[in-house]
Amino acid sequence: MSRNFPKRSFCRHVAGNTSRVGLLALQGAFDAHGRLLRTLGAETTEVRLPAQLDDIDALVLPGGESTTLLKLIDAFAFEEPLRAFVQSGRPVLATCMGVILLAENVTNPPQRSFGLLPVDVERNSYGRQVESFEARSSFAGETFDLVFIRAPRITRTGPGVETLLEHGGDPVLVRHGNILAATFHPELGECTAIHRLFLEMAKQSGRLSRARTGA
507 MSRNFPKRSF
517 CRHVAGNTSR
527 VGLLALQGAF
537 DAHGRLLRTL
547 GAETTEVRLP
557 AQLDDIDALV
567 LPGGESTTLL
577 KLIDAFAFEE
587 PLRAFVQSGR
597 PVLATCMGVI
607 LLAENVTNPP
617 QRSFGLLPVD
627 VERNSYGRQV
637 ESFEARSSFA
647 GETFDLVFIR
657 APRITRTGPG
667 VETLLEHGGD
677 PVLVRHGNIL
687 AATFHPELGE
697 CTAIHRLFLE
707 MAKQSGRLSR
717 ARTGA
């Protein structure tokens, strides 16, 4: 069963949002995120080289295969630029594989991760791809299916991590500062609330940046 949290009010449309959202396009389901974000009025661009991170205001780390992604991150020298992007405070939406990449600790089996999101995760905790499943849930006034595909399980949340949605007693959507992390695939269901929240974070981040620079 899923635990429903109080409804939150996020803007339905993001027309006038000037944030440019990058989709890490080395591997995984980045295209589905892009389609959904564009229906919400966002500008998106595929990020395939580290230098492209300088040209975006927010970043999606999509689902996929984490060991393959780590090899590609090494091949394209992406690790330090990605770390710098997250640490800059610009918003990041991490789903499934993206959560594994950012976690502090990874098990089943242990795997290198960036340690930027204070959670522990267990890989493939709900089963392999043939055992993937959907579960009905609600968030921010929307009811939709949680789509789990070889999903990790968050087994510990550290200080400052806010649990926004649970399934079966496990956190499946959390926020820590500029990081919004989902262990499921919101881009594959009917849900728009999570991407709307992400875009709202990007808008707020842009306002703060302009205030700091006096623009």
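Numbered according to the working numbering, the sequence shown spans residues 507 to 721. All C-beta atoms in this analysis are idealised placements derived from N, C-alpha and C, irrespective of residue type, glycine included.
{"Query": "Return the chain-ordered list of same chain residues with a C-beta closer than 7 Å to the C-beta of Glu-585, the five sequence neighbours on each side being excluded.", "Result": "Ile-579"}
{"Query": "In angstroms, rounded to a whole number, what distance separates the CA positions of Val-636 and Pro-624?", "Result": "With a pLDDT of only 49 at Val-636, under 50, the local geometry of the prediction cannot be trusted, and the value read off the model is given with reservation. Cα to Cα, the separation comes out at about 29 Å."}
{"Query": "Can you name the residues that DSSP bridges to Pro-677?", "Result": "Glu-672"}
{"Query": "I'd like to check one pair, Phe-704 with Ala-657: are the Cβ atoms closer than 7 Å?", "Result": "no"}
{"Query": "Of the residues Pro-615, Leu-565, Gly-540 and Leu-671, which one's Cα is nearest the Cα of Asn-684?", "Result": "Leu-565"}
{"Query": "Does the contact criterion of 3 or more C-beta pairs under 8 Å hold for the region 558-575 versus the region 602-619?", "Result": "yes"}
{"Query": "Got a sec? Which residues, its chain only, sit under 6 Å from Gly-595 by beta carbon, not counting five neighbours each side?", "Result": "Asn-684"}
{"Query": "Can you list, in chain order, the residues of its chain with a C-beta nearer than 7 Å to that of His-701? Leave out the 5 residues immediately preceding and following it.", "Result": "Leu-542, Leu-543, Leu-546 and Pro-692"}
{"Query": "Along the chain, where does the alpha helix (DSSP H) containing Thr-545 start, and where does it finish?", "Result": "536-545"}
{"Query": "Kindly indicate which residue of Glu-552, Ala-699 and Val-527 has the alpha-carbon position closest to the one of Gly-534.", "Result": "Glu-552"}
{"Query": "Report, in whole angstroms, the separation of the C-beta atoms of Asp-626 and Asn-614, which I expect to be a contact under 8 Å.", "Result": "Actually they do not touch by this definition, with Cβ atoms about 11 Å apart."}
{"Query": "Measure the beta-carbon distance from Phe-650 to Glu-696 and round it to whole angstroms, keeping in mind my assumption that it falls under 8 Å.", "Result": "5 Å"}
{"Query": "Any idea what DSSP makes of Leu-686, helix, strand or coil?", "Result": "strand"}
{"Query": "Opposite Val-639 in the DSSP bridges: which residues?", "Result": "The residue asked about is misnamed: residue 639 is Phe in this sequence, not Val. Phe-639 pairs with Phe-654."}
{"Query": "Starting from Pro-624, trace the beta strand (DSSP E) both ways and give me its first and last residue.", "Result": "623-628"}
{"Query": "Whole angstroms is fine: what's the gap from Glu-640's alpha carbon to Gly-540's?", "Result": "22 Å"}
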